Each structure stands twice: as structure tokens, then as C-alpha cells.
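Participant:
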Amino acid sequence: MVSFLAMVVAGPNAIAKEKSRRASQTVGEYAYKRLSKANEFLAGESYAEARSELEALLARKKINSYERAMGRQTLGYVQANQDQFPDAIESFEKALGLAALPEPAELNILFTVSQLHLSLGHTEKSVEILEEWFRRTSAPGARAHFTLASGYTALGRYDDALVHAQAAVNKSEAPAESYLQLLASVNYNLGRFREMAGVLEILGNRFPKKTYWMQLSAAYREIGENEKSLAVQELAYQQGFLSGERELSILAQLYLFERLPYKAARVLEKGLKSEAIGQDTDVWELLANAWLQAKEYERVVEPLEKAAARSANGDLFVRLGRVHIQNEDWSRAAVALTDGVEKGGLADLGTAHLLLGVAYANGSKPDAAFRALREASRFERSRGPAREWIAHIEQSQ
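For what it's worth, the working numbering labels the leading residue of the sequence shown as -16, then goes sequentially.
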């Protein structure tokens, strides 16, 4: 955790700047010595000693409200640095309740109390206090905007969060990664995918990480800019960010969508060779689709055979049969189509019988062709073509 001592801009260590304080805010010699020693111990992380000095000061009845407020404030910082957040909040609230501190000191305390509530999970209370801080501050910095935006985000108040997340980025010469992450997240939750993509572009360039490239690609797909989505995926692949089966499969699918089947096939074959991609039905079918799109029918056969063998039904065997018919390999077409019919679960059994009849007919097996075509004629969708083939075979004999 970042030390709360670093947050004391004009807090305990401001004793030497008494000229800027209200004329009535004076510190006597006794209080000055105690506060000075307490601050020295606080700076040296000697918290027990610091607490001892402050307790001695606060136990004294003859100190003014300003001295007491300074003591409570400093005690709050000691407790915060010891992770005693509830106690620190109580001390800070007592300091504010004395209404003796100058405005800058009160604002520092308010901001710190807001952070303490946030650390304790009191998000609504933290936001409420920070809103008051903003109302009393003339020029809030980027960090303050980021903090309030984070609180609004946690509460689901994304419209409010957007204002401050954007301000945090705008007020930073080189926005922190966390600022950009928050702005991207808020845009996502508001469905502002184009704006989200713009932020992710900055994140990807300044902080090149896999997650930003993947999110950017998804954002481009969401707004229909598939070419940009693919370009980002391709760049991520070249940089070695894509290694998982799902990521490589998505890249291959994007290539196919953009009619780039050779690139899709290369990604899949490389992934299969390196075992980054498992040898399951979907992967082999995707590779077969790539070669089909490329019209490389001979190269379709092996992946489609492997996909069909792993499939729960015979549809892929029917597809394999179609490929063999395309290649005019009638005997292998008949084998594949028979395997498909026997495996069952076909989406269109009639067409499978029709194709089987065609394979047998062209393979000079008229009797087997008649049997398959008669089966095909039992189905409405394939009845017409089946009868035409039967007539054709009869005329040829």
C-alpha cells in the first residue's frame, strides 16, 4: 500500500508554514515541540513514539483548538500508516469537527478520509466525501478525477464515471496505464465501443500487452470494422501474443471471413504442428473449410477425414463424400458416404443416399446405384433428382 505519509501535502509537515495560515491559528511552544517530534517519528516510521508525543499533547487541557486539530490530524496519519483505518477516520473527523484548520488542510483530510473509506469497502461514503472535496476544490488534479471515476464505476454510475475518467486522462501529459484502463472500461460499460477502441489503441501502443490487443480486436468487431479487427489480430500473432487454441481459431475464422483461406490454413497447420491447437473435430473441420474456400480439394481430404472420424454424427462424412465427388474419386466417395449413412444422425439422409447413388453410378456399379437412388426417392427433397438418375442409368444400360 502507498504510504499515507506521501499524501500529506499540507498536513503535519506544514507547521513551518505558519505565515500562510489564519492569523488566529497559532501554535504555542509546548505544542510546537510535541508536533515537531511527532512528525519526526512519523517520517522515520517510529509510530509508537509518534503516538506517545501526540497523546501527551492531546491530554493537555491548555491547548487551543488549532493545536488540538493539528494533533488529531497528525494522529490520523500515524494510524493510517499503521493500517488502523477506522481509528484514523475517527481522528481525522475529530480534527475537522474543531473547525480550526485552514481550508487546504481540511481538503487534504477530506481526500484522505475518502481514500480510507474506499480501502474499507465503504464506496458510497468514499464517493460522498470526495464529491464534497470536489465542490470545495477549484483545480482538482488528474489523480482526484481518477479516484472519483473509480468510485462511480464501482457504484455502476458510468455516466458520472465517464466525465471524471476522461478528465483524468485529459489532465495528464502521459496518462497512467490505470487511467486509460479505467476510461476503456467505462466506455465498454456504456456501449461506447468506438471510443473504447480509441483508448485501447493508446494502451496497445504505449503498453504493448496481449490483453489490450485482444480487447481492441473485439471492439473493432463490435463496431463492424472487421478489417481492422483482423489487422490487430494479425499483429498480435506476429508478436507472439496469440498462442492458445481459441485465439488461433478466432484468427483463422477472421481470415476465412475476409476470404484469406491460405493464411487461415497456415495458422491452423502451424498450431497443430506445435500442439498449441488440439486435434478435435472443430479444428480439423475449420482447416478443411480453409482448403475448401481456397478450392484446394485434394488438401481438404485429410483434415475432413479426421474431423469426420471424431464427429458425433455422419454429416462430415457426407461432406467428405462431396469432396471426393468433386475430385471424381468415385470409390472413395462411395466409402465416405456409406460411412456417413451408417454413422447416422444426418441432417439430410435423402441427399446422402442420392450422392451415394451418383458415386456408384459413375463408378460403374449400377445395381448399388439403383439401391441407393431408390432410398433417396423415399425423401421429398431428393425424390426428383433420384428419379432422374434412375432414368439416366436405365437408358445407359
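By construction, the Cβ of each residue, glycine as well, lies at the ideal position given by its N, Cα and C atoms. In this text, all values refer to a predicted model and were calculated from it rather than measured experimentally.
Do you know how far the Cα of ALA167 is from the Cα of ALA(-3)?
Facilitator: Note that ALA(-3) scores 43 on pLDDT, short of 50, meaning its location in the model is unreliable and no value can be drawn from it.
Participant: By DSSP, does LEU416 sit in helix, in strand, or in coil?
Facilitator: Coverage of the chain is limited to positions -16 through 380, which leaves residue 416 absent and any answer about it impossible.
Participant: Alpha carbon to alpha carbon, how far is HIS147 from SER155? Give it in angstroms, no decimals.
Facilitator: Computed Cα separation, rounded: 12 Å.
Participant: Assuming SER133 and ILE112 are in contact, meaning their beta carbons sit under 8 Å apart, how far apart are those beta carbons, in whole angstroms?
Facilitator: SER133 to ILE112, Cβ: 14 Å. No contact.
Participant: Report the rounded CA-to-CA distance for PRO244 versus TYR238, giving the unit in angstroms.
Facilitator: The alpha-carbon atoms of PRO244 and TYR238 are separated by roughly 6 Å.
Participant: Reducing DSSP to helix, strand and coil, say where ILE112 ends up.
Facilitator: Helix, per DSSP.
Participant: May I have the straight-line CA-CA distance separating ASN153 from HIS128, to the nearest angstrom?
Facilitator: If I take the Cα positions, the gap works out to 10 Å.
Participant: Using a Cβ-Cβ cut-off of 7 Å (strictly less than) and excluding sequence neighbours within five positions of GLN65, which residues of its own chain qualify?
Facilitator: Hits under 7 Å: TYR30.
Participant: Buried or exposed: THR9, going by 16 or more other Cβ atoms within 10 Å of its Cβ?
Facilitator: Exposed: under 16 other Cβ atoms inside 10 Å.
Participant: Would you mind sorting GLY124 into buried or exposed? The rule is 16 or more other CB atoms within 10 Å of its CB.
Facilitator: With fewer than 16 Cβ atoms within 10 Å of its Cβ, GLY124 is classed as exposed.
Participant: Along the chain, where does the alpha helix (DSSP H) containing ASN272 start, and where does it finish?
Facilitator: Run containing ASN272: 264 to 276, per the alpha helix (DSSP H) assignment.
Participant: Closest by CA to PHE353, which one among GLY346, PHE362, GLY340?
Facilitator: Ranking the options by Cα distance to PHE353, first place goes to GLY340.
Participant: Suppose the cutoff is 6 Å on Cβ atoms and the five residues either side in sequence are ignored; what does the same chain contact list for ALA83 look like?
Facilitator: So the qualifying residues of the chain are SER48, TYR49, ALA52.
Participant: Closer than 7 Å by C-beta to PHE362: which residues in its own chain qualify, once you throw out the five before and the five after it? Chain order, please.
Facilitator: Correct list, in chain order: LEU332, GLY333.
Participant: Quick check: is the beta carbon of LEU113 nearer than 9 Å to any beta carbon in chain B?
Facilitator: Of the chains in the structure shown, none is chain B; there is only one protein chain.
Participant: For the pair the stretch 270 to 283 and the stretch 312 to 330, tell me if three or more CB-CB distances fall below 8 Å.
Facilitator: No, the stretch 270 to 283 does not touch the stretch 312 to 330.
Participant: May I ask whether a heavy atom of the ligand MG can be found less than 8 Å away from the beta carbon of TYR162?
Facilitator: As for the ligand MG, it is missing from this structure, which has no ligand bound.
Participant: Around the C-beta of LEU103, are 16 or more other C-beta atoms found within 10 angstroms, so that it is buried, or is it exposed?
Facilitator: That one is exposed.
Participant: Buried or exposed: HIS100, going by 16 or more other Cβ atoms within 10 Å of its Cβ?
Facilitator: So HIS100 ends up on the buried side.
Participant: Could you pull out every unbroken alpha helix (DSSP H) segment of at least 4 residues lying fully inside the stretch 63 to 103, listed in chain order?
Facilitator: With a minimum length of 4 residues, the continuous alpha helix (DSSP H) runs that stay inside the stretch 63 to 103 are 68 to 80, 86 to 102.
Participant: For LEU270 versus LEU299, is the C-beta spacing smaller than 9 Å?
Facilitator: The answer is no: Cβ separation not under 9 Å.
Participant: If you compare alpha carbons, which of ALA63, ARG189, GLN67 is closest to ILE92?
Facilitator: The option with the nearest alpha carbon to ILE92 is ALA63.
Participant: For the putative contact between LEU138 and VAL110, defined by C-beta atoms under 8 Å, what is the C-beta separation to the nearest angstrom?
Facilitator: Contact holds; Cβ gap of about 6 Å.
Participant: Mark ARG305 as exposed unless 16 or more other C-beta atoms lie within 10 angstroms of its C-beta, in which case mark it buried.
Facilitator: That one is buried.
Participant: Rounding to the nearest angstrom, what Cα-Cα distance links TRP267 and ILE260 in this structure?
Facilitator: For TRP267 and ILE260, the distance between alpha carbons rounds to 10 Å.
Participant: Among GLU114, LEU329, LEU218, whose alpha-carbon lies nearest the alpha-carbon of PRO191?
Facilitator: Selected option, being the one with the closest Cα: LEU218.
Participant: Kindly indicate the opening and closing residues of the alpha helix (DSSP H) around ARG293.
Facilitator: Per DSSP, ARG293 belongs to the alpha helix (DSSP H) from 280 to 293.
Participant: Within 10 Å of its beta-carbon, does ALA330 have 16 or more other beta-carbons around it, so buried, or fewer, so exposed?
Facilitator: Exposed, by the Cβ-count rule.
Participant: Please list the segments of the alpha helix (DSSP H) lying wholly inside the stretch 136 to 223, counting only runs of 4 or more residues, in order along the chain.
Facilitator: The qualifying runs are 141 to 153, 160 to 172, 176 to 189, 193 to 205, 209 to 221.
Participant: Using 8 Å for Cβ pairs, my map puts ALA180 next to TYR203. What's the rounded Cβ distance?
Facilitator: Right, their Cβ atoms sit about 6 Å apart.
Participant: Have a look at ARG43 and VAL61 and give me their C-alpha separation to the nearest angstrom.
Facilitator: Between ARG43 and VAL61, the C-alpha separation is close to 19 Å.
Participant: Threshold first: 3 residues or longer. Then list the beta strand (DSSP E) segments lying entirely within the stretch 330 to 375, N to C.
Facilitator: Taking only runs of at least 3 residues, no beta strand (DSSP E) segment lies wholly in the stretch 330 to 375.
Participant: Between GLU160 and ASN170, is the Cβ-Cβ spacing less than 9 Å?
Facilitator: Not closer than 9 Å, so no.
Participant: Note down the Cα distance separating THR321 from HIS375, rounded to an integer number of angstroms.
Facilitator: Using only the alpha carbons, I get a separation of about 22 Å.
Participant: Would you mind sorting VAL(-8) into buried or exposed? The rule is 16 or more other CB atoms within 10 Å of its CB.
Facilitator: Unreliable placement is indicated for VAL(-8), whose pLDDT of 36 sits below 50; the coordinate value is still reported in the next sentence. By the neighbour-count rule (16 or more Cβ atoms within 10 Å), VAL(-8) is not buried but exposed.
Participant: Since I believe VAL318 is in contact with HIS336 (beta carbons under 8 Å), could you give me their beta-carbon distance rounded to a whole number of angstroms?
Facilitator: Rounded, the Cβ-Cβ distance is 15 Å, inconsistent with contact.
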